[in-house]
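According to our numbering, the residues represented by the sequence shown are 1 to 309, in order. Glycine included, each C-beta is placed from N, C-alpha and C at the ideal position. From a predicted model like this one, the values you see are computed outputs, not experimental measurements.
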Amino acid sequence: MPSKTPIYYKKDANRYFYSIEEFNRYIIKKVKKTINKWRMLEIDSKIAVAVSGGKDSMSLLYILEKIEREFPSELYIIHVDEGIKGYSDKNLEVVKNASRELGLPLYITSYRELFDYNIDKVANISIDERRFAPCTFCGVWRRWAINYLALKAGADRVATAHSLDDEAQTILMNILKGSLENILKLKPYPERVDNIVPRIKPFRELYEKEIALYAMLNNIPYNDIPCPYAEEGMRWDIRIWLYEQEDQRPGTLFNIVRFGERIVTQTCIHEKAKEIQRINKCSICGFPSAKSVCKAHELMLFLKKKAMK
Ligand code: FES
Numbered sequence: 001m002p003s004k005t006p007i008y009y010k011k012d013a014n015r016y017f018y019s020i021e022e023f024n025r026y027i028i029k030k031v032k033k034t035i036n037k038w039r040m041l042e043i044d045s046k047i048a049v050a051v052s053g054g055k056d057s058m059s060l061l062y063i064l065e066k067i068e069r070e071f072p073s074e075l076y077i078i079h080v081d082e083g084i085k086g087y088s089d090k091n092l093e094v095v096k097n098a099s100r101e102l103g104l105p106l107y108i109t110s111y112r113e114l115f116d117y118n119i120d121k122v123a124n125i126s127i128d129e130r131r132f133a134p135c136t137f138c139g140v141w142r143r144w145a146i147n148y149l150a151l152k153a154g155a156d157r158v159a160t161a162h163s164l165d166d167e168a169q170t171i172l173m174n175i176l177k178g179s180l181e182n183i184l185k186l187k188p189y190p191e192r193v194d195n196i197v198p199r200i201k202p203f204r205e206l207y208e209k210e211i212a213l214y215a216m217l218n219n220i221p222y223n224d225i226p227c228p229y230a231e232e233g234m235r236w237d238i239r240i241w242l243y244e245q246e247d248q249r250p251g252t253l254f255n256i257v258r259f260g261e262r263i264v265t266q267t268c269i270h271e272k273a274k275e276i277q278r279i280n281k282c283s284i285c286g287f288p289s290a291k292s293v294c295k296a297h298e299l300m301l302f303l304k305k306k307a308m309k
């Protein structure tokens, strides 16, 4: 008999869940539906799962491992070490254990190895000198590093654990920055560009709190230490504001994400996007870039120039 006390109330759909099994079925169904809706995977995809060690990416790893058992696909774990003392080391430990437990190959790199800096070193530079929050460097470098590792693994898809909350935050951040280009990069379907492994986000329709509950109810191992720099970035402020909005007006996050999808998928704007994103190559790494040097290496050069002064 199901308990009378719900384990979860899905406010935007006015729906109650009374058992772990019922909740798990909902999560798996939702992830499968999102994958199918946007044709994220082929039957035999080679999927590199970007795993930081936090609850979202660890849940993604365990869910994909479960779903993909039905298919002749391959899974790899890719992990980027940010070099944040007391945080990155714990992440690495969690990810290595998961690789052993699930028997999946693990590919690792670090910002130090790729860009000569780690995030602790960036954070030690005064804000006047570095101009941006550590999160800015971390976000741009992570994107580059994940693609680098996915290419190295021979993957044809990179799966990231971005949730509905993350997507809504990103759209709003880019509206505030006036960056249509960045919103147009948020394609819900895998896009083919030379040297860039197509990205998929199977959690893009799940609330962060749903992922957290899934991790908790299913004893998914993860690093629960928060990143010490998380609150310094613009995303943090938007995140807090959006929580309030969602609480008062359930469905707000979905509305923002649907709005972003409409912008991306409407053909005329999409064609314009192709023009805006005309592909050049970064003169340092050779990866596609809007300018002559990609953002990841632009930030690295910026720090090096400052250090030389
Ligand atoms: Fe850790 Fe941004 S640097 S959350």
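- In chain order, what residues have a CB nearer than 5 Å to some heavy atom of ligand 1? Listed by chain position, these are P134, C135, C138, C227, Y229 and A230.
- Where E74 falls: helix, strand or coil (DSSP): As a working note, residue 74 is residue 74 in the sequence shown. The three-state reading of DSSP puts E74 in strand, counting E and B together.
- Check whether the Cβ atoms of A215 and K55 sit closer than 7 Å, and answer yes or no. Translated into the one-based positions of the sequence shown, residue 215 becomes position 215. Translated into the one-based positions of the sequence shown, residue 55 becomes position 55. The answer is yes: Cβ separation under 7 Å.
- Whole alpha helix (DSSP H) runs in the region 105–149 with 4 or more residues, listed along the chain? Runs of the alpha helix (DSSP H) inside the region 105–149: 111–115, 119–124 and 127–130.
- Collapsed DSSP secondary structure at V51 in the structure displayed: Translated into the one-based positions of the sequence shown, residue 51 becomes position 51. Coil, per DSSP.
- Could you pull out every residue in the same chain whose Cβ sits closer than 7 Å to the Cβ of I256, ignoring the five residues on either side in sequence? The residue labelled residue 256 in the question sits at position 256 within the sequence shown. Same-chain partners within the cutoff: A168, I171 and L172.
- Report the rounded CA-to-CA distance for V197 versus R235, giving the unit in angstroms. The count along the sequence shown starts at 1 and reaches residue 197 at position 197. The count along the sequence shown starts at 1 and reaches residue 235 at position 235. If you take the alpha carbons of V197 and R235, they lie about 25 Å apart.
- Query: Just curious, the beta strand (DSSP E) that Y16 is in, first and last residue?
  - Reply: Translated into the one-based positions of the sequence shown, residue 16 becomes position 16. For Y16, the enclosing beta strand (DSSP E) has its first and last residue at R15 to F17.
- Message: Can you tell me where the beta strand (DSSP E) holding R157 begins and where it ends?
- Response: In the sequence shown, residue 157 corresponds to position 157, counting from 1. R157 to A159 is the span of the beta strand (DSSP E), which, as asked, contains R157.
- Message: Please report the straight-line C-alpha distance between C294 and K177, rounded to a whole angstrom.
- Response: For the purposes of this step, residue 294 is taken as residue 294 along the sequence shown, with counting starting at 1. For the purposes of this step, residue 177 is taken as residue 177 along the sequence shown, with counting starting at 1. Roughly 19 Å between the two C-alpha positions.
- Message: Please return the same chain residues whose Cβ sits closer than 7 Å to the Cβ of A150, not counting the five positions on each side in sequence.
- Response: Here residue 150 refers to the residue found at position 150 of the sequence shown. For A150, where only same-chain residues beyond five positions count, the Cβ hits under 7 Å are A48, I78, V158 and V197.
- Query: Taking the beta strand (DSSP E) that Y326 falls in, what are its first and last residues?
  - Reply: The structure shown does not extend to residue 326, since the chain spans only 1 to 309, so no value can be given for it.
- Message: Only counting the same chain, and skipping five residues up and downstream in sequence, which positions put a Cβ closer than 6 Å to that of I108?
- Response: Here residue 108 is taken as the residue at index 108 of the sequence shown, counted from 1. Annotation for I108: H79 place their beta carbon closer than 6 Å to its own, counting only its chain and skipping 5 residues before and after.
- Message: Rounded to whole angstroms, what is the Cα-Cα separation between R192 and F287?
- Response: As a working note, residue 192 is residue 192 in the sequence shown. As a working note, residue 287 is residue 287 in the sequence shown. Cα-Cα distance, rounded: 13 Å.
- Candidates S52, N218, L102 and N91: which alpha carbon is nearest R69's? Taking the sequence shown and counting its residues from 1, the one referred to as residue 69 is at position 69. Comparing Cα-Cα distances from R69 to each of S52, N218, L102 and N91, the minimum goes to L102.
- Smallest Cα separation from N317: which of E232, I263, Y26 and N91? The first residue shown for the chain is 1 and the last is 309, placing residue 317 beyond what the model contains.
- Outcome for D120 when other beta-carbon atoms lying within 10 angstroms are tallied against a minimum of 16: Counted from its first residue, the sequence shown places residue 120 at position 120. Buried, because 16 or more other Cβ atoms sit within 10 Å of the Cβ of D120.
- Item | Supposed close pair M253, D165 - CB separation, criterion 8 Å | Position 253 of the sequence shown, counted from the start, is the residue given in the question as residue 253. Position 165 of the sequence shown, counted from the start, is the residue given in the question as residue 165. One detail in the question is off: residue 253 reads as Leu in this sequence, not Met. Contact check for L253 and D165: beta-carbon distance about 6 Å, within the 8 Å limit, so the pair qualifies.
- Within the same chain, show all residues whose beta-carbon is closer than 6 Å to that of R112, passing over the 5 residues directly before and after it, in chain order. By one-based count along the sequence shown, residue 112 stands at place 112. Around R112: G83 and N118.
- I think L303 touches V122, with their Cβ atoms under 8 Å apart; what is that distance to the nearest whole Å? Sequence index remark: in the sequence shown, residue 303 carries index 303 (1-based). Sequence index remark: in the sequence shown, residue 122 carries index 122 (1-based). Going by Cβ atoms, the distance from L303 to V122 rounds to 7 Å, so yes, they are a contact pair.
- Cα separation between H297 and P72? Here residue 297 is taken as the residue at index 297 of the sequence shown, counted from 1. Here residue 72 is taken as the residue at index 72 of the sequence shown, counted from 1. H297 and P72 have their C-alpha atoms some 37 Å from each other.
- Beta-carbon proximity list for I200, same chain, < 6 Å, skipping 5 on both sides: In the sequence shown, residue 200 corresponds to position 200, counting from 1. Only M40, R157, A159 and P190 meet the Cβ criterion.
- Just how far apart, CA to CA, sit S19 and L217? Mapped onto the sequence shown, residue 19 falls at position 19. Mapped onto the sequence shown, residue 217 falls at position 217. Taking the CA atoms as reference points, S19 sits about 10 Å from L217.
- Might you give, ordered along the chain, the residues of its own chain that have their beta carbon closer than 7 Å to the beta carbon of K30, omitting 5 neighbours on each side? Here residue 30 refers to the residue found at position 30 when the sequence shown is read from its first residue. Result list for K30: E205 and L206, in chain order.
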